[in-house]
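A.B. asks: So that we are looking at the same thing, I have put the structure below in structure tokens.
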Amino acid sequence: MSSKYMPLSPENFKTQAEFVADQFPVNEQCMYLNHAAVAPWPKCTSEAVQEFAKENCQTGAQGYLTWLKKEQSLRSKLAKLVGSKNEECVALVKNTSEALSIVAYGLEWQAGDIILISDDEFPSNRIVWESLAQKFGIIVKQVAINAQHPEAEILAAINSKTDKPKMISVSAVQYASGIKLNLEKLGLACKENNVLFCVDAIQAVGAMEFKCDEWHIDFAMADGHKWMLGPEGLGFFFVKETHIKKLKLYQYGWHMIEGAGDFSIKDWQPAKNAKRFECGSPNMLAGYALEASTDLLLQVGLDNVAAAIEVNHAYLLAKLQGLGAEILSPIEPNVRAGILTFRFSGINSAQLYQKLMANDVVCANRGGGVRFSPHFHTTKESMDKAIRTLSNLIT
Ligand SMILES: Cc1ncc(COP(=O)(O)O)c(C=O)c1O
Numbered sequence: 000m001s002s003k004y005m006p007l008s009p010e011n012f013k014t015q016a017e018f019v020a021d022q023f024p025v026n027e028q029c030m031y032l033n034h035a036a037v038a039p040w041p042k043c044t045s046e047a048v049q050e051f052a053k054e055n056c057q058t059g060a061q062g063y064l065t066w067l068k069k070e071q072s073l074r075s076k077l078a079k080l081v082g083s084k085n086e087e088c089v090a091l092v093k094n095t096s097e098a099l100s101i102v103a104y105g106l107e108w109q110a111g112d113i114i115l116i117s118d119d120e121f122p123s124n125r126i127v128w129e130s131l132a133q134k135f136g137i138i139v140k141q142v143a144i145n146a147q148h149p150e151a152e153i154l155a156a157i158n159s160k161t162d163k164p165k166m167i168s169v170s171a172v173q174y175a176s177g178i179k180l181n182l183e184k185l186g187l188a189c190k191e192n193n194v195l196f197c198v199d200a201i202q203a204v205g206a207m208e209f210k211c212d213e214w215h216i217d218f219a220m221a222d223g224h225k226w227m228l229g230p231e232g233l234g235f236f237f238v239k240e241t242h243i244k245k246l247k248l249y250q251y252g253w254h255m256i257e258g259a260g261d262f263s264i265k266d267w268q269p270a271k272n273a274k275r276f277e278c279g280s281p282n283m284l285a286g287y288a289l290e291a292s293t294d295l296l297l298q299v300g301l302d303n304v305a306a307a308i309e310v311n312h313a314y315l316l317a318k319l320q321g322l323g324a325e326i327l328s329p330i331e332p333n334v335r336a337g338i339l340t341f342r343f344s345g346i347n348s349a350q351l352y353q354k355l356m357a358n359d360v361v362c363a364n365r366g367g368g369v370r371f372s373p374h375f376h377t378t379k380e381s382m383d384k385a386i387r388t389l390s391n392l393i394t
């Protein structure tokens with residue numbers, strides 16, 4: 000027996016809106032504006048997990064061969080989601096931090112090598128490089144990014160004749176401000192200057208079209224629990240084909256070898272593809288969940304998802320401006336993504352955040368303000384309710 004879960008299709012519904020409404024009952028329960036933290040699951044994901052749980056309960060791992068096929072199809076769908084033609088370049092990892100560590104401890108470093116990050120990275124994309132600084136004497140350089148010219152300082156460093164970084168490692172979208180970087184521009188500059196390009200993609204993948212191949216990305220990673228609408232604890236690690244064998248390995252086990260599953264192999268070799276970064280048993284339960292979420296995003300289409308997020312962002316922005324909020328996120332459409340951070344003069348943002356949460360407006364306290372992050376499924380009704388609640392709390 001194997002899981003009966005079949006991907007849903009918008010064709011089964013009269014309209015796309017009806018399909019989306021059916022998939023996201025969360026919008027009936029609360030005002031969910033927190034996809035930049037941990038997203039709610041669509042119904043199909045919840046059903047996939049329930050089916051898998053039922054199967055485990057009734058027949059255990061009798062269908063393990065089917066599970067293995069699922070594991071592979073997930074890699075292939077994730078490759079599609081991140082714009083890689085080659086599923087061999089995608090590994091399943093525990094989270095973003097694990098993948099960043101695989102890169103950091105897989106590359107060869109020399110004292111004095113420079114790694115460039117922004118001055119507002121999420122700790123995972125700073126701490127790992129600082130750990131290298133302590134061990135190998137590399138230099139972690141932080142540059143400011145601002146909404147007017149987000150890539151300017153990074154490009155200047157890439158083009159520098161004297162202090163050229165060996166690698167830049169940046170978030171595609173900054174977790175606090177929401178500034179979106181032009182990865183195409185950065186990737187091209189990196190390629191032309193022989194600089195490695197590593198992208199923490201967790202605030203972007205699932206919210207917009209992402210193009211690892213086209214943007215010359217060397218490494219990209221994200222856990223599945225934000226814009227990808229999946230569970231915590233399972234994500235992807237994209238590694239450009241030419242780097243797969245160059246990264247030193249430091250985690251070993253039965254699953255990462257060529258011919259994994261044949262326990263009689265004595266003269267083992269690491270897998271030729273990115274599976275070499277997956278040392279042991281996969282997280283099958285999370286795999287079923289993430290595949291369902293990925294199917295949904297691919298069915299809706301990342302261009303449609305991004306357009307709907309933009310509409311929701313613009314709607315909330317206008318309402319917040321109407322309430323007199325100071326907007327801390329960029330307002331220029333080409334520099335903004337799903338994140339909208341704001342504050343009110345004379346009002347403590349941490350307290351406001353707590354009051355919003357107590358009133359079913361699910362959001363975050365980040366970047367010196369309150370952070371709203373709607374996804375494509377977020378309804379106008381729930382945004383209106385959130386704004387009404389906010390308005391009552393500040394007056
Ligand atoms: C930019 C960024 N990177 C990484 C993470 C999380 O890392 P991990 O997947 O290792 O938990 C977050 C979570 O908020 C984030 O915003």
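All the letters of the sequence shown, read from the start, carry residue numbers 0 to 394 under numbering that gives the first Met the number 0.
Yeah, the Cβ is synthetic: ideal placement off N, Cα and C, and Gly gets one too.
Taking only the alpha-carbon atoms, compute the straight-line gap between F18 and H376 and give it to the nearest angstrom.
C.D. replies: Rounded to the nearest angstrom, the two C-alpha atoms are 10 Å apart.
A.B. asks: Whose C-beta lies closer than 8 Å to the C-beta of E107 among residues of the same chain, with five residues either side of it excluded?
C.D. replies: K247.
A.B. asks: Any contact of the region 153-171 with the region 188-203, i.e. 3+ C-beta pairs under 8 Å?
C.D. replies: They touch, by the three-pair rule.
A.B. asks: CA-CA distance, A385 and Q353?
C.D. replies: Near 14 Å, if we compare the C-alpha coordinates of Q353 and A385.
A.B. asks: Mind checking who V204 pairs with in its DSSP beta bridge?
C.D. replies: V204 is bridged to M207.
A.B. asks: Given the structure, does F121 come close to ligand 1, in the sense that its CB is under 6 Å from one of the ligand's heavy atoms?
C.D. replies: F121: yes, Cβ under 6 Å from ligand 1.
A.B. asks: When the Cα of G105 is compared with those of G345, K244 and A306, which residue comes out closest?
C.D. replies: Among G345, K244 and A306, the Cα nearest to that of G105 belongs to K244.
A.B. asks: I believe G252 touches C278 by the beta-carbon criterion, under 8 Å. Please report the beta-carbon distance rounded to the nearest angstrom.
C.D. replies: Indeed they touch by this definition, with Cβ atoms about 4 Å apart.
A.B. asks: Please state if the CB of T340 and the CB of V360 are separated by a distance shorter than 7 Å.
C.D. replies: Not in contact: V360 and T340 (Cβ atoms no closer than 7 Å).
A.B. asks: What residue ranges within the region 365-394 form continuous beta strand (DSSP E) runs of no fewer than 3 residues, ordered along the chain?
C.D. replies: Fully enclosed beta strand (DSSP E) runs of 3 or longer: 368-371.
A.B. asks: Measure from the alpha carbon of W226 to the alpha carbon of each residue in Q320, S390, A305 and M255, then state which is nearest.
C.D. replies: Taking only the C-alpha atoms, the option nearest W226 is A305.
A.B. asks: Distance check for E290 and T58, CA to CA, integer angstroms please.
C.D. replies: Going from the Cα of T58 to the Cα of E290 covers about 21 Å.
A.B. asks: Can the beta-carbon of F209 be found less than 7 Å from the beta-carbon of V102?
C.D. replies: Against a cut-off of 7 Å, the Cβ pair of V102 and F209 comes out as no contact.
A.B. asks: In terms of DSSP beta bridges, what is M30 paired with?
C.D. replies: Paired residues: V360.
A.B. asks: Applying the criterion that 16 or more other CB atoms from any shown protein chain within 10 Å of the CB defines a buried residue, is H224 buried or exposed?
C.D. replies: It counts as buried.
A.B. asks: Counting only runs that start and end within the region 236-277, where is the alpha helix (DSSP H) found for 4 or more residues in a row?
C.D. replies: List check, alpha helix (DSSP H) in window: 240-243.
A.B. asks: Look up E129 in the DSSP assignment and say whether it is helix, strand or coil.
C.D. replies: DSSP places E129 in helix when its eight states are reduced to three.
A.B. asks: Considering only the alpha carbon of each residue, which of P122, K184, S72 and G321 lies closest to N158?
C.D. replies: Measuring from the Cα of N158, the nearest candidate turns out to be K184.
A.B. asks: Among the residues of its own chain, which have a CB less than 8 Å from the CB of L392, if the five just before and after it don't count?
C.D. replies: L351, K354, L355 and N358.
A.B. asks: Where does T340 fall in DSSP's three states?
C.D. replies: T340 falls in the strand class under three-state DSSP.
A.B. asks: Quick check: does the Cβ of L201 come within less than 6 Å of any heavy atom belonging to ligand 1?
C.D. replies: It is Ile, not Leu, that sits at residue 201 in the sequence shown. Within the cutoff, so yes.
A.B. asks: Any heavy atom of ligand 1 closer than 6 Å to the CB of S170?
C.D. replies: Yes, since a heavy atom of ligand 1 falls inside the 6 Å radius drawn around the Cβ of S170.
A.B. asks: Using C-beta distances below 6 Å, list every residue in its chain close to L115, excluding the 5 sequence neighbours before and after it, in chain order.
C.D. replies: Hits under 6 Å: K140, A156, P164 and I167.
A.B. asks: Suppose contacts are defined by Cβ-Cβ distances below 7 Å. Is A47 in contact with A285 by that definition?
C.D. replies: No, they are not a contact pair.
A.B. asks: For the region 272-354, which segments carrying the beta strand (DSSP E) assignment without a break, of at least 3 residues, lie completely within its bounds, in sequence order?
C.D. replies: Taking only runs of at least 3 residues, the beta strand (DSSP E) segments lying wholly in the region 272-354 are 339-342.
A.B. asks: Do F121 and Y63 have their C-beta atoms closer together than 7 Å?
C.D. replies: Result no, Cβ atoms of F121 and Y63 do not sit closer than 7 Å.
A.B. asks: Could you please give the first and the last residue of the uninterrupted alpha helix (DSSP H) stretch that includes I113?
C.D. replies: No alpha helix (DSSP H) holds I113; the beta strand (DSSP E) holding it covers I113 to S117.
A.B. asks: Determine the DSSP secondary structure at G234, reduced to helix, strand or coil.
C.D. replies: Reduced to three states, the DSSP call for G234 is strand.
A.B. asks: For V102, which of helix, strand or coil comes out of DSSP?
C.D. replies: In this structure, V102 counts as helix in the three-state DSSP scheme.
A.B. asks: DSSP beta-bridge partners for K140?
C.D. replies: K140 pairs with L115.
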